[in-house]
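One structure is given here, and the rest of the page talks about it.
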Amino acid sequence: MYVVAIGNQKGGTGKTTTAMVLATALADPVRGPGMRVAILDADPSEHVTRWCRARVEAGRSQVFELVKHYRYERREGLTSVFTDMVDDFMDADSADVLIIDLEGTGNDIFGKALSRSDLLIIPMQASSMDARLAAKASGFANRVAREFRRPINYVFTLSATNAAMITREEKIIRAELETANEPLLPVTLNKRAAFQAMFTYAKTLEELTEEEARGAPKAIENAVEFAAAVTTHINRLNEEEAA
Ligand SMILES: Nc1ncnc2c1ncn2[C@@H]1O[C@H](COP(=O)(O)OP(=O)(O)OP(=O)(O)O)[C@@H](O)[C@H]1O
Ligand SMILES: [Mg+2]
């Protein structure tokens, strides 16, 4: 099983959106690879947990497995068992990929999640302020890597980008990342109403009607390409590790 954490200590950078889009695209057996996907909802806003719950209430099928939600952890004061929980889940081997949606602060769950992750995806908006804070997340990953004496691979991704053109800000961020030799996924998630409507209606992109989200087909295409880019990145990391 492969563990992908989605994290950035800055709030509102598109972590939960990225987690959900990636999970549903990877689980899609028609347009995607049809993987067995699980999400660990470590975001206190519990958007993913509520999405799953709303689907049960509406009689819709579950698209991915929900490991356990954050409130349980917090209520029980059980942050120390976070890693046990991940380890138990990995041992159960019921999923091909586990996606951890982290909260937008650098709490100790961030470090614990990283200690069990094969890849950290760091979403950031294409603005220079976001880029500076995202660099903190990569620094954190490097510190955790040293602490646990294991490499933690991370990759940046730009979220909610302009679909029609690459803005000046985006160009600057891309150039800065390249100069600093920091990895960036080749596909970005565009700013699309459908990515928000997924949460509003507790639906996958495919389930959204034209009335609920205009331009959903474009969002589906974007999601499929994004998930494929993540898969390619993971495969390359695996090849490098094997070499
Ligand atoms: N690709 C996108 N298209 C349209 N809206 C987006 C996109 N990505 C993020 N957003 C919007 O930006 C806001 C923040 O996104 P999201 O909740 O995914 O961020 P987050 O990093 O998980 O936030 P938090 O730190 O609070 O957990 C939300 O209103 C979301 O709908
Ligand atoms: Mg979130």
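The opening position of the sequence shown corresponds to residue 198 in the numbering used here, with each subsequent residue numbered one higher.
Here a beta-carbon is modelled for each residue, glycine too, at the ideal position from N, C-alpha and C.
Does residue 300 pass the burial test, meaning 16 or more other C-beta atoms within 10 Å, or should it be called exposed? That one is buried.
As assigned by DSSP and simplified to three states, the class of residue 322: Shown here, residue 322 sits in a strand according to DSSP, grouped into three states.
By how many angstroms is the C-alpha of residue 411 removed from the C-alpha of residue 287? Taking the straight line joining both Cα atoms gives about 38 Å.
If you draw a straight line from the C-alpha of residue 290 to the C-alpha of residue 198, how long is it? Approximately 7 Å, taken between the alpha carbons.
Who are the near neighbours of residue 417 in its chain, counting only those whose CB is closer than 6 Å to its CB and skipping five residues on each side? Hits under 6 Å: 402.
Heavy atom of ligand 1 less than 6 Å from the Cβ of residue 443, yes or no? Outside the modelled stretch of the chain, which goes from 198 to 440, sits residue 443, for which no answer is possible.
Between the CA atoms of residue 380 and residue 509 - distance to the nearest angstrom: Residue 509 falls outside the range modelled here, since the chain spans only 198 to 440, and no answer is possible.
With hydrogens ignored, establish whether the beta-carbon of residue 309 is closer than 6 Å to any heavy atom of ligand 2. No - ligand 2 has no heavy atom lying nearer than 6 Å to the Cβ of residue 309.
For a test of the three-state rule: what should DSSP assign to residue 345, helix, strand or coil? Per DSSP, reduced to three states, the secondary structure at residue 345 is helical.
Cβ pair residue 237, residue 350 closer than 7 Å: Contact flag unset, no.
Check residue 311 in the structure and name its three-state DSSP category. Residue 311 carries a helical assignment under DSSP once its states are collapsed to helix, strand and coil.
For a quick check, are the C-beta atoms of residue 261 and residue 220 less than 7 Å apart? Result yes, Cβ atoms of residue 261 and residue 220 sit closer than 7 Å.
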